[in-house]
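Heads up: the sequence lines are chains A and H, in that order.
Under the numbering used here, the first residue of the first sequence carries the number 252, and numbering increases by one thereafter.
Under the numbering used here, the first residue of the second sequence carries the number 55, and numbering increases by one thereafter.
Quick reminder that beta carbons are idealized off the backbone N, C-alpha and C, glycines included.
Here the structure is laid out as structure tokens; the discussion comes afterwards.
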Amino acid sequence: MLSFPKPMRECSAVAEVILRNVTKTFGSHAALDDVSMTIPDGSFVVLLGPTGAGKTTTLRMVSGLDTPDSGEIFIGGMSMQGLTPAQRNVAMVFQQYSLYPHLSVRQNLEFPLKSPLLKTPQKAIDEKVNAIAEILQISHKLDNKATALSGGEMQRVSIGRALVRNPQIYLMDEPLSSLDAKLRADLRVELKNIQAKSGATLLYVTHDQIEAMTMATHIGVLEEGRLVQFGSPREVYEAPVSVYAATRLGQPRINVLPARLFAGSPDRAQSIGLRPENIVQGAGEDALVTRVEHLGDQTRLHLSFKQHALVTVTDPHTGFRGGETIKIQPSKPLFFDAAGMRIA
Amino acid sequence: MSSYSVTEPSARQKWFAGTLVVLYAVITILPLLWIIGTGFKSPSDAIAYPPKTFFEPTLEGYVNLFTTRTRVTEEQLKEMGEPKTWYERLVRKDGLIIAGPSRFPERFYNSVIIGFGSTVLCIVLGTAAAYAFSRFKVPLKDDLLFFILSTRMMPPIAVAIPIFLMFRSLGLNDTHAGMILLYTAVNLSLSVWLLKGFIDEIPIEYEEAALIDGYTRFQAFYKVVLPQAATGIASTAIFCLIFAWNEYAFAVLLTSGTAQTAPPFIPTIIGVGGQDWPAVAAGATLFLVPVMVFTILLRKHLLRGITFGAVRK
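This is the structure:
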């Protein structure tokens with residue numbers, strides 16, 4: 252495991268980030284609708300939500316690339332109103348188009364350090380750039396043109412360009428999405444290590460559930476510009492506020508069935524949410540096995556229960572076959588009302 | 055750059071295409087070669103009929119281009135003794151002596167100042183305007199852009215008389231500043247439109263990244279946008295320079311002395327006893343050189359510039 256050279260934050264200022272009633276509309280579409288959120292100093296906050304939920308817009312608000320129509324943003328207790336991105340001292344990793352194509356890899360990594368904001372001495376620049384290149388395994392490509400890299404290498408350089416700095420907060424917009432599985436896993440661990448060691452604050456957008464669950468100290472669930480839940484990964488997973496929040500996490504996805512299929516549901520419950528691992532086999536009511544998927548570490552059973560499809564996981568060496576009938580019953584069910592909000 | 059998915063042309067297609075290119079090259083290069091050749095002919099060879107393809111080269115045309123000469127009597131010629139330089143010898147065999155330098159170097163210099171001056175101004179203003187149109191919310195943007203384009207729909211010479219009168223009352227007649235302003239005004243619409251196209255193609259994410267990396271908007275423009283727009287700027291500069299360099303009508307109308315450019319001057323080179331075609335050809339040849347050098351220096355950008363934006367990525 253590679254280690255990060257030095258604590259990244261020499262300044263000891265508290266980098267707590269607060270969004271207070273932030274609203275932003277583009278045309279008639281509300282990209283962010285009255286979002287309030289506190290990102291504690293040193294936390295790793297992951298934003299979840301489908302495309303258009305406002306994840307990237309949130310990053311752009313904090314960075315200063317866009318300004319809220321109403322509401323305020325504070326970093327380290329200071330209002331960011333009217334401050335340019337440079338004045339806010341934030342680092343951002345973009346999803347794409349992130350490297351300066353006319354510069355070499357080294358020049359790209361040096362670029363933020365050479366800014367009028369930091370004016371780093373050349374010796375310090377070299378040290379930092381070399382250290383980061385080592386971590387991201389791009390040392391041998393430092394003198395290449397940025398455009399001569401593969402997609403994965405480009406993305407590593409753009410992550411590196413954020414990491415060479417010492418900002419109040421790192422903003423990352425799906426930084427690992429274009430990488431292959433192995434590198435993604437490596438960098439995931441590495442990013443988490445860097446964050447844990449340096450105590451840096453991160454605001455991170457991803458679609459990847461493993462990234463969210465493993466790296467986050469907090470998860471924010473966005474739905475059509477509104478923040479519907481904010482809490483620890485376990486909280487969001489085990490106690491989602493709504494069907495929507497529940498479907499953000501979990502692989503395979505949570506089964507949502509009409510509540511009336513199960514006896515003992517609360518009166519107001521319209522639907523019941525069952526995580527695949529919370530379906531107990533061997534007792535309860537009959538379900539038909541329609542398909543068996545062996546994934547190696549686990550086996551997924553596709554069931555037909557009272558004409559409704561659902562998925563559960565079972566022992567990897569299960570002897571079940573398609574066409575068999577098994578007995579199932581729910582454990583730890585989540586009940587939702589007609590509007591999809593959780594009631595129990 | 056994107057890859058092209060076209061099938062390899064057959065040998066016959068390649069021959070056909072090659073032949074067309076060669077034919078086109080010959081057609082365009084021939085007049086040029088003729089002018090360059092004429093510059094090295096003697097005046098009698100230049101007007102010989104049938105035209106001479108092979109001739110004895112002489113520098114008479116170039117000497118005549120750079121000098122003014124007067125006719126002297128044979129006695130006077132004898133009194134002067136042996137000519138001291140090769141060019142004096144060349145002139146004296148026609149019974150002439152060199153009276154002084156011609157005005158060609160001055161006119162050439164004017165062309166350089168006015169041509170390059172207006173090109174630089176055009177690029178600076180054009181880039182700034184194009185960047186603003188490309189990146190900022192400008193009220194009435196489309197109307198403004200169309201208005202800028204529409205200034206090009208009218209042949210510039212149509213407003214020659216108003217401009218002449220305006221220049222006279224402003225004291226811009228026959229000044230370098232006046233000509234630079236005029237050529238910039240004519241070229242600016244082209245420059246704004248071309249450069250806007252190039253800047254539109256540069257993703258805004260680069261500037262945003264630079265803003266976050268601690269740079270101001272102007273620094274981001276300077277360090278990130280400009281280097282990437284280099285191709286577009288180079289090709290636009292060539293178009294602007296070629297127009298300003300070759301412009302004839304306004305130069306005739308608005309300049310006569312101090313600010314006269316080479317185009318109106320070259321045809322006025324009249325030799326002793328008839329048009330001095332070799333001198334005119336020599337002037338035209340030299341006049342070609344700066345634009346040629348400029349274009350060759352920027353040709354890599356020019357080629358990329360012409361195809362830029364034509365290919366969807």
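Whole angstroms are fine: how far does the CA of residue j sit from the CA of residue i?
i	j	result
F252(H)	I386(A)	37 Å
V178(H)	V286(A)	43 Å
L414(A)	I167(H)	49 Å
T290(H)	E255(H)	15 Å
K23(H)	F158(H)	Missing from the structure shown is residue 23(H); chain H here goes from 55 to 367 and no further.
L316(A)	F275(H)	15 Å
V117(H)	Y163(H)	18 Å
C29(H)	S243(H)	This structure gives no information on residue 29(H), because the portion of chain H shown stretches from 55 to 367.
L585(A)	R551(A)	21 Å
G574(A)	R416(A)	58 Å
K370(A)	I376(A)	9 Å
P281(H)	P63(H)	36 Å
K306(A)	E323(A)	17 Å
T398(A)	F362(A)	16 Å
N340(A)	L368(A)	8 Å
M331(A)	F325(A)	6 Å
I594(A)	V531(A)	22 Å
D330(H)	I323(H)	7 Å
I266(H)	E404(A)	21 Å
M259(A)	K448(A)	Low local confidence applies: a pLDDT of 40 at M259(A) is under 50, so the model's placement there is unreliable, with the coordinate-based value given in what follows. Using only the alpha carbons, I get a separation of about 8 Å.
M134(H)	P155(H)	19 Å
M252(A)	S493(A)	Low confidence applies to M252(A): its pLDDT is 40, below 50, so where it sits in the model is not reliable enough to give any reading.
T541(A)	S582(A)	22 Å
D196(H)	F481(A)	44 Å
F304(H)	E262(H)	44 Å
Taking only three categories from DSSP, how would you classify residue i?
i	result
R593(A)	strand
K257(A)	Only weak support is given to the placement of K257(A): the predicted model assigns it a pLDDT of 42, under 50, and the value that follows is read from those uncertain coordinates. Three-state DSSP puts K257(A) in coil, outside helix and strand.
Q419(A)	coil
Q358(A)	helix
T343(A)	According to the sequence provided, residue 343(A) is Met. The question's Thr does not apply to it. DSSP places M343(A) in strand when its eight states are reduced to three.
I445(A)	helix
Q67(H)	helix
H553(A)	strand
K392(A)	helix
R504(A)	coil
R572(A)	coil
R526(A)	coil
E486(A)	helix
L351(H)	helix
F586(A)	strand
K138(H)	coil
K277(H)	helix
Q373(A)	helix
A560(A)	strand
V334(H)	helix
Q532(A)	strand
Bridge partners for residue i per DSSP, in chain order?
i	result
D548(A)	Looking at the DSSP assignment, D548(A) forms no beta bridge with any residue, so it has no partner.
H330(A)	The sequence given here places Ser at residue 330(A); His does not occur at that position. F325(A).
L283(A)	K275(A)
H469(A)	V296(A)
Y260(H)	Its beta-bridge partners do not exist; DSSP assigns none.
Y455(A)	V297(A), M423(A)
Q480(A)	V472(A)
M288(A)	L270(A)
A538(A)	I577(A)
R125(H)	L150(H)
Give me the Cβ distance between residue i and residue j, rounded to the nearest whole Å; I'm assuming they're in contact under 8 Å.
i	j	result
A153(H)	R123(H)	6 Å
S409(A)	L350(A)	6 Å
V523(A)	S516(A)	Reading off the sequence, residue 523(A) comes out as Ile, not Val. Their Cβ separation, rounded to whole angstroms, is 6 Å, which keeps I523(A) and S516(A) in contact under 8 Å.
V472(A)	E425(A)	Not quite, the Cβ-Cβ distance comes to about 16 Å (not below 8 Å), so this is no contact.
E441(A)	A304(A)	With 8 Å as the limit, E441(A) and A304(A) do not qualify as a contact, their Cβ atoms being about 27 Å apart.
P509(A)	V562(A)	Not confirmed; about 16 Å, so no contact.
L352(H)	I292(H)	6 Å
E462(A)	L430(A)	About 11 Å separates the two Cβ atoms, so there is no contact after all.
P318(H)	G115(H)	In fact, because the Cβ distance is near 19 Å, the residues do not count as touching under 8 Å.
Interface residues of the stretch 307–323 of chain A facing chain H [CB-CB below 7 Å] | S314, L316
Compile a chain-ordered list of the residues in the stretch 249–269 of chain H whose CB is closer than 7 Å to at least one CB of chain A.
-> P257, E259, Y260, E262, A263, L265, I266, D267, G268, Y269
Interface positions of the stretch 328–353 of chain A facing chain H (Cβ-Cβ less than 8 Å), listed along the chain = T335, P336, A337, N340, V341, A342, M343, F345, Q347, Y348, S349, Y351, P352, H353
Please name the residues in the stretch 274–287 of chain H whose beta-carbon is closer than 7 Å to at least one beta-carbon of chain A, in chain order.
-> V278, P281, Q282
The stretch 352–368 of chain A: positions lying closer than 7 Å to chain H by Cβ | P352, H353, F362, P363, S366, P367, L368
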